[in-house]
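Here the structure is laid out as structure tokens; the discussion comes afterwards.
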Amino acid sequence: MFELVRKNRNFRNFWYGQLISQLGDRIHTLAVIWLVYSWYNSGAAVGAVLIAATLPAFLVSPFAGNILDKYDRKKILILSDVVRSVFVAGLAILSFFEMVNLPIILFFTVIISIGAAFFNPATMAIMPSLVKKEELTQANAFYQLSINASAALGFMVGSGLIALIGVTAAFSINCVSFLLSAFFVFRIVYKHIPGHIKTNFIEDFKEGWKVTKGIPLIVKLFGPIVVINFFLAALFILVPVFAEGVFNKGSAGMGMMMTGLTLGMFIGALLMSKGQLKFKTQYLLFFSLLFIGMAFFVMSFVQNFYLHLLMYALVGISLNISNISLMALFQKIVPNEVRGKVFGLLTSASVSSQPISYGIMGLITDVATPSAILLFCAFALTLTSLYFLIIKELKLV
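Taking my numbering, the leading residue of the sequence shown gets 21, the next gets one more, and so forth.
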């Protein structure tokens with residue numbers, strides 16, 4: 021399983037950087053969500069923070085995708101890491117002097133999210149340049165496997181840091197993790213082949229959309245990607261609500277629930293990296309989403325903390341199976357010279373419904389029971405899973 025990392029220096033450095041960055045990022049995320057929920061005891065307040073974390077990605081990603089095709093993707097990765105490190109350091113300083121409030125959290129979250137809007141599609145676009153085409157599924161699986169393990173550790177460590185030291189330590193660790201990520205990306209040997217340099221943003225956007233429309237399979241997957249992200253977003257709103265409001269487990273319970281999710285994602289990536297799931301992409305997408313819907317059903321009816329942990333793990337397993345399948349599929353069918361544009365559009369599409377969901381679900385959480393919300397989402401996700409069975413183009417890949 022580690023053969024690819026051992027033999028491929030570029031992928032190894034890429035992997036090291038993301039491993040460390042994900043650790044710091046998850047500690048940071050847990051600290052922000054817990055801090056805001058402890059202030060307001062409100063799903064709407066948590067939703068506001070999550071909107072700030074996702075809306076910039078929706079607005080900026082198409083523009084970022086065009087930049088990624090024109091300019092060196094390696095340098096963009098480094099710059100986005102360094103910029104985020106600086107702003108997270110500022111947040112840590114304000115937290116140390118007890119000058120943090122909700123508007124400040126929202127401002128810094130938006131800035132960090134803008135950096136991620138460049139960074140995330142850049143990682144997808146650069147991956148095919150680091151490994152061979154036949155290694156893409158394995159590379160994506162191993163990449164997800166590693167960062168999920170790191171993320172699970174981050175949530176566990178984060179809950180302990182919050183309880184023992186406070187959120188300032190969490191922010192400080194994330195600041196250092198971004199700098200280490202930039203260092204390892206700097207070590208990658210990569211030659212960027214630019215796309216059309218002289219076109220403007222509007223022309224680039226039209227070109228990216230034209231290429232995307234020219235691949236029927238991608239067009240048909242846009243809809244379900246948006247719907248799935250809308251209903252999955254409810255899970256993140258409900259984490260502090262269940263952990264504190266239902267199970268009375270505090271920040272430790274919240275950390276355990278998020279750890280269950282990421283450990284599940286680790287298992288899903290492990291299965292994909294070892295090639296254990298030798299099903300067609302169509303069936304992997306169908307069954308993974310069906311199992312997510314089933315997990316939501318179970319959690320809506322049974323209020324047991326440890327059963328919820330198990331269901332979060334099932335969601336994580338299924339989610340990563342579908343994510344890895346989709347990433348490898350898109351990387352194989354999208355030409356290199358327009359990957360930035362297309363992945364920017366895909367990133368924008370995938371997060372387009374999340375800010376809306378965070379806003380709606382956050383407000384609903386304050387007036388409806390968490391079980392009712394989960395039950396509604398379960399029906400929607402189960403119905404969406406059936407759509408994958410009728411896409412003709414998926415049968416050919």
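Glycine is no exception: its CB is placed at the ideal position from the N, C-alpha and C atoms. The structure displayed is predicted, hence computed values, not measured ones.
Pairwise C-alpha distance: residue j and residue i
i: Met285; j: Ala136; result: 20 Å
i: Phe399; j: Lys27; result: 45 Å
i: Gly313; j: Cys397; result: 7 Å
i: Ile96; j: Ser320; result: 43 Å
i: Glu155; j: Ala253; result: 31 Å
i: Leu309; j: Met347; result: 16 Å
i: Glu118; j: Leu414; result: 53 Å
i: Lys211; j: Val177; result: 37 Å
i: Thr74; j: Ile134; result: 9 Å
i: Leu173; j: Ser41; result: 12 Å
i: Ser7; j: Gly63; result: Here the chain covers residues 21 to 417 and nothing more, so residue 7 does not appear.
i: Asn121; j: Val354; result: 43 Å
i: Ser377; j: Ile208; result: 37 Å
i: Arg29; j: Ala289; result: 21 Å
i: Leu339; j: Val387; result: 28 Å
i: Leu237; j: Leu349; result: 10 Å
i: Phe162; j: Met381; result: 33 Å
i: Val318; j: Leu395; result: 9 Å
i: Ala263; j: Ser370; result: 27 Å
i: Val335; j: Leu304; result: 14 Å
i: Phe78; j: Leu366; result: 10 Å
i: Tyr91; j: Asp101; result: 16 Å
i: Asn86; j: Ser149; result: 17 Å
i: Ala190; j: Lys269; result: 20 Å
i: Ala171; j: Lys230; result: 36 Å
i: Gly275; j: Tyr407; result: 34 Å
i: Trp54; j: Met292; result: 32 Å
Distance CB(residue i)-CB(residue j) smaller than 7 Å
i: Tyr326; j: Met277; result: no
i: Pro375; j: Val261; result: no
i: Phe306; j: Ser405; result: yes
i: Val362; j: Thr157; result: no
i: Arg93; j: Ile146; result: yes
i: Thr188; j: Ser115; result: yes
i: Ala84; j: Leu126; result: no
i: Pro142; j: Leu88; result: Checking the sequence, you will find Ala at residue 142 rather than Pro. Yes, the pair counts as a contact, with Cβ atoms nearer than the cut-off.
i: Phe175; j: Leu50; result: yes
i: Phe198; j: Leu401; result: no
i: Ile132; j: Lys240; result: no
i: Gly280; j: Leu329; result: yes
i: Val69; j: Thr129; result: yes
i: Ile337; j: Ile287; result: yes
i: Phe267; j: Val151; result: no
Residue of the options minimising C-alpha distance to residue i
i: Asn249; options: Ser342, Gln302, Arg46, Lys211; result: Ser342
i: Gln351; options: Lys153, Ile132, Arg93, Pro76; result: Lys153
i: Gln164; options: Met144, Phe206, Phe175, Val177; result: Met144
i: Thr301; options: Ser345, Ser58, Gly336; result: Ser345
i: Gly67; options: Arg32, Met292, Ile98, Ser373; result: Ser373
i: Ala112; options: Leu150, Val151, Ala65, Gly186; result: Gly186
i: Leu99; options: Glu264, Ile235, Phe139; result: Phe139
i: Ala392; options: Ile337, Pro236, Gln323; result: Gln323
i: Phe311; options: Asn61, Leu366, Leu403, Trp229; result: Leu403
i: Asn168; options: Phe78, Asn61, Asp101, Thr282; result: Thr282
Exercise for the section: Please specify which runs of the alpha helix (DSSP H), each continuous and at least 4 residues long, are wholly inside the stretch 313 to 395, giving them in chain order. Expected result: Whole alpha helix (DSSP H) segments, 4+ residues: 325 to 353, 359 to 372, 374 to 385.
Handout entry: Three or more C-beta pairs below 8 Å linking the stretch 193 to 205 and the stretch 107 to 117
Key = Segments in contact, yes.
Exercise for the section: Take every Cβ of the stretch 241 to 248, pair it with every Cβ of the stretch 30 to 46, and state whether three or more of those distances are shorter than 8 Å. Expected result: For the pair of segments examined, the stretch 241 to 248 was found not to touch the stretch 30 to 46: the number of CB pairs separated by less than 8 Å stays below three.
Problem - alpha helix (DSSP H) runs contained entirely in the stretch 234 to 281, provided each spans 4 or more residues - result: As far as the stretch 234 to 281 is concerned, its whole alpha helix (DSSP H) runs of at least 4 residues are 236 to 260.
Handout entry: Complete alpha helix (DSSP H) runs within the stretch 152 to 215 (minimum length 4 residues, chain order)
Key = Every alpha helix (DSSP H) stretch that sits fully inside the stretch 152 to 215 and reaches 4 residues is listed by chain position as 156 to 184, 187 to 206.
Problem - Cβ contact (3+ pairs, closer than 8 Å) linking the stretch 29 to 38 and the stretch 200 to 207 - result: Flag = yes, the stretch 29 to 38 and the stretch 200 to 207 touch.
Exercise for the section: Could I get the ranges of all uninterrupted beta strand (DSSP E) runs contained in the stretch 88 to 155, with 3 residues as the minimum, in chain order? Expected result: You should have found no qualifying run.
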